[in-house]
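Trainee:
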Amino acid sequence: MASSDRRASRLRVLTTRDDEDDGAELASLRILLPFLALVPSERLVLDLRSSPDDFARLHVRHSTYIQGLDNLDQRYSTLPPRHVAFLIVCDAGDESKIRETFGGRRRNVLGVVLCGGKEHQGDIPGTKMFWDLAEALKLTQTCSVDQLASRRLANPLDRPFLLGKPAPVVVRAAEWAECLRVDARPRETNAKGMKRERLRALDLGCGAGRDIAWLGWSRSTERGRAITWSVRGVDNLKPALQRAWLLMQDFGLSPPSSLPLPTGDGDNSRAAEAHARKCEGLLWAEVTREGTLNALSGSGRGPRKATRLDACSSSSLQKQEKETTSAAPLFPTAQGGSSRLSALPLDHSFRLESQQRLLERHAALADFARAHLSSEAAARATATFDLLVLVRFLPRQLLLALPALTHVGSLVVVSHFFHVGDGMAAIPKGVRADYENPPVDARIKSGDMLCLKHVWEQLPARDHSSTARAQAQEMQQQWDILEQVIEPIEDGRPVQSTIFRRLR
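Heads up, the sequence shown is in UniProt numbering, so the first residue is 1 and it goes up one at a time.
#1: So what does Q141 bridge to, in DSSP terms?
#2: Just to confirm the assignment, what range does the alpha helix (DSSP H) spanning Q356 have?
#3: Between V440, E286 and V109, which has its C-alpha nearest I31's C-alpha?
#4: Measure the Cβ-Cβ separation of I98 and V13 and say whether it is below 9 Å.
#5: DSSP three-state call for G233: helix, strand or coil?
#6: From the DSSP secondary-structure annotation, give me the bridge partner or partners of G281.
#7: Cβ atoms of R232 and R200: under 9 Å apart, would you say?
#8: For G430, is the classification buried or exposed, using 16 other Cβ atoms within 10 angstroms of its Cβ as the cut-off for buried?
#9: Specify the secondary structure class of H416 as computed by DSSP and reduced to three states.
#10: Going along the chain, which residues of its own chain have a beta-carbon closer than 8 Å to the beta-carbon of E457, five neighbours each way excluded?
#11: For L202, which beta-bridge partners are listed by DSSP?
#12: Does the beta-carbon distance from R504 to A442 come in below 9 Å?
#13: Return the first residue and the last residue of the alpha helix (DSSP H) that A213 is part of.
#14: Using a Cβ-Cβ cut-off of 8 Å (strictly less than) and excluding sequence neighbours within five positions of H83, which residues of its own chain qualify?
#15: Within 10 angstroms of the Cβ of T406, are there 16 or more other Cβ atoms? Answer buried if so, exposed if not.
#16: Under three-state DSSP, which class holds Q458?
#17: Under 9 Å, do V60 and R43 count as touching if we go by C-beta distance?
#18: In angstroms, rounded to a whole number, what distance separates the CA positions of D265 and N155?
#19: Closer than 6 Å by C-beta to V112: which residues in its own chain qualify, once you throw out the five before and the five after it? Chain order, please.
#20: Tell me the rounded alpha-carbon separation between Q242 and A208.
#21: Give me the Cα-Cα distance between E286 and D235, rounded to the nearest whole angstrom.
#22: For S342, is the classification buried or exposed, using 16 other Cβ atoms within 10 angstroms of its Cβ as the cut-off for buried?
#23: Taking just the CA atoms, how far does P395 sit from Q471?
#24: Of all the options A136, C206 and G68, which has the alpha carbon lying nearest to the alpha carbon of C115?
#25: Could you check the C-alpha separation between L246 and D94 for me, to the nearest Å?
#26: How long is the line joining the alpha carbons of V182 and R57, rounded to whole angstroms?
#27: Can you list, in chain order, the residues of its chain with a C-beta nearer than 8 Å to that of R499? Leave out the 5 residues immediately preceding and following it.
#28: My understanding is that L365 touches A401, with C-beta atoms under 8 Å, so please give their C-beta distance in whole angstroms.
#29: Can the beta-carbon of S63 be found less than 9 Å from the beta-carbon of P160?
#30: Measuring straight from C-alpha to C-alpha, what distance separates G492 and D146?
#31: Give the secondary structure of P166 by DSSP, where H, G and I count as helix, E and B as strand, and everything else as coil.
#32: Can you tell me the Cα-Cα spacing of S218 and L163, whole angstroms?
#33: Taking DSSP's pairing of strands, which residues face S41 in a bridge?
#34: Near S313, what residues of its chain come up, given a Cβ to Cβ distance below 7 Å and the 5 sequence neighbours on each side ignored?
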């Protein structure tokens with residue numbers, strides 16, 4: 001037997017052969033018992049049956065339903081991490097493809113339940129026994145096929161669990177943001193009359209959208225929460241954004257027009273509540289060499305058209321330039337010449353520039369945000385965010401101007417691969433210090449985030465939602481670092497995760 005066949009054979013599949021060896025009940029228990037050992041919120045099920053009728057007739061509660069194995073092609077990035085256990089339910093005819101796709105150690109699959117449809121369910125005794133046991137343990141649910149998406153999204157007993165996991169630092173940042181919010185937000189009333197506060201998050205380099213999906217769905221649907229999140233994503237790869245859009249649609253986070261509304265007053269109210277947790281939009285854009293953002297258009301296969309936003313002609317920028325006392329380099333490379341240099345770590349890797357150029361970059365990003373990232377809510381028309389997320393994405397020159405997207409109280413997450421230098425006293429457990437990708441020049445160095453904080457604190461504290469402009473221009477921004485940790489990702493490579501908070 002080939003090695004690939006041996007790996008595939010390790011995948012536990014409920015088939016007729018298993019039933020002959022172990023008995024239907026024992027084969028089912030070998031899958032169900034590890035599943036039951038998980039805490040309820042971690043009982044993940046991927047249901048790939050091609051017939052929505054079969055799924056609606058009977059399924060495991062909180063299953064993520066993707067209609068047919070072929071539709072999984074654009075959704076592989078939404079699967080759980082390799083170490084996270086999950087269960088698969090699929091058509092019996094897809095057994096060989098399932099073994100090829102999920103066999104071996106590529107995924108932590110607890111087992112595969114093969115279903116033959118309503119007419120042929122009895123042909124697989126192990127499968128019938130699985131559903132009988134699952135029903136007896138109250139693990140199953142039924143729903144109407146014509147209200148499959150909308151009713152499940154609104155039903156707390158059957159809301160699908162998100163398979164993909166967010167970056168740990170995003171989870172921590174959401175907890176910080178919800179605990180430390182400093183100014184009142186417009187509150188919306190849900191179907192039960194509970195006031196809920198809405199926060200906005202922007203993911204720069206969002207990829208397939210795992211982090212914003214978690215914020216907009218999992219974080220916002222927890223019972224008793226007084227916080228919901230509106231999310232936006234930006235990426236320069238159109239295929240990644242298309243996968244993110246599919247994920248938003250699967251969980252009802254896309255605009256209301258794309259989610260079929262059920263009938264009945266009660267269902268409409270629940271669906272309306274689900275729509276409140278929507279994705280404001282996904283933007284195809286790139287970071288320029290100058291450190292600004294350009295919106296892109298086109299098919300995504302050939303040359304990409306870009307819309308340049310030039311803030312240098314802005315009257316507000318011209319006024320700010322006149323009030324700037326000096327256009328000398330903010331952090332001169334030569335020794336001496338500025339007392340500000342003494343506050344910087346010596347080993348940072350940012351390419352620093354004049355204060356005038358920094359202000360231009362800041363104004364350009366603010367103009368871009370007003371044009372492309374403004375909130376749709378008339379009561380809170382703003383281009384700033386409560387949480388900015390940059391995970392494994394390090395556009396150094398864009399980072400310098402990020403405060404243009406923030407207000408007082410905003411949090412900024414920067415998490416990227418870290419260079420473990422020779423001088424580090426201790427390496428955290430589980431961290432692989434020696435790795436090749438990305439190269440050293442593309443990693444965070446030990447002094448980078450302190451340098452970034454110092455740069456941000458040279459910017460004017462112009463907050464669109466607070467004090468008068470004249471008073472704001474007299475002050476500079478103030479930032480705090482809430483936490484900074486070095487932690488390993490799945491393969492052991494280290495990332496440095498920093499959470500900044502804007503104080504002024």
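Beta carbons are placed, not taken as given, at the ideal position from N, Cα and C, and that holds for glycine.
Remember, it's a predicted structure, so these values are computed and weren't measured experimentally.
Mentor: The relevant details are as follows:
#1: Q141 pairs with H59.
#2: Q355 to H372 is the span of the alpha helix (DSSP H), which, as asked, contains Q356.
#3: Measuring from the Cα of I31, the nearest candidate turns out to be V109.
#4: Using a Cβ distance threshold of 9 Å, I98 and V13 count as a contacting pair.
#5: Strand.
#6: Per DSSP, R232.
#7: Between R200 and R232, the CB-CB gap stays under 9 Å.
#8: Classification for G430: exposed.
#9: Here H416 sits in strand by DSSP.
#10: Cβ-Cβ distances below 8 Å link E457 to Q476, Q477, Q478 and W479 in the same chain, with the five nearest sequence neighbours on each side left out; the list follows chain order.
#11: In the DSSP output, where bridge partners are listed per residue, L202 has R232 and L388.
#12: Cβ atoms of R504 and A442: not closer than 9 Å.
#13: Run containing A213: R210 to A213, per the alpha helix (DSSP H) assignment.
#14: Here the set comprises N108 and E490.
#15: Flag for T406 reads buried.
#16: Here DSSP, grouped into helix, strand and coil, assigns Q458 to coil.
#17: In contact: V60 and R43 (Cβ atoms closer than 9 Å).
#18: Confidence at D265 is low in this model, with a pLDDT of 39, below 50, so its placement is unreliable and the value that follows should be read with caution. Computed Cα separation, rounded: 14 Å.
#19: A distance below 6 Å between beta-carbons, with the five flanking residues on each side excluded, links V112 to the following residues of its chain, in chain order: V13, I88 and I98.
#20: Straight-line Cα distance between these residues: approximately 8 Å.
#21: If I take the Cα positions, the gap works out to 7 Å.
#22: At S342 the pLDDT is 48, less than 50, meaning the model places this residue with poor confidence; the figure from the coordinates comes in the next sentence. Around the C-beta of S342, fewer than 16 other C-beta atoms lie within 10 Å, and the residue is accordingly described as exposed.
#23: Any reading at Q471 needs caution, since the residue's pLDDT is 46, under 50, leaving its predicted position unreliable; the model's value is listed next. Rounded to the nearest whole angstrom, the CA to CA distance from Q471 to P395 is 32 Å.
#24: For C115, the closest of A136, C206 and G68 by C-alpha to C-alpha distance is G68.
#25: Rounded to the nearest angstrom, the two C-alpha atoms are 23 Å apart.
#26: Confidence at V182 is low in this model, with a pLDDT of 43, below 50, so the placement of that residue is unreliable and no value is reported for it.
#27: Checking the sequence, you will find Ile at residue 499 rather than Arg. Once the five neighbours on either side are set aside, the close Cβ partners of I499 are V169, R172, A173, W176, L411, V412, V413, I481, L482, E483 and Q484.
#28: Cβ-Cβ separation between L365 and A401: approximately 4 Å, consistent with a contact (criterion under 8 Å).
#29: Yes. Within cutoff.
#30: Between G492 and D146, the C-alpha separation is close to 45 Å.
#31: Coil.
#32: Going by the C-alpha atoms only, they are around 10 Å apart.
#33: Partner(s): none; S41 has no beta bridge.
#34: Note that S313 has pLDDT 27, beneath the 50 cutoff, so the model's placement of it is unreliable and no number is given.
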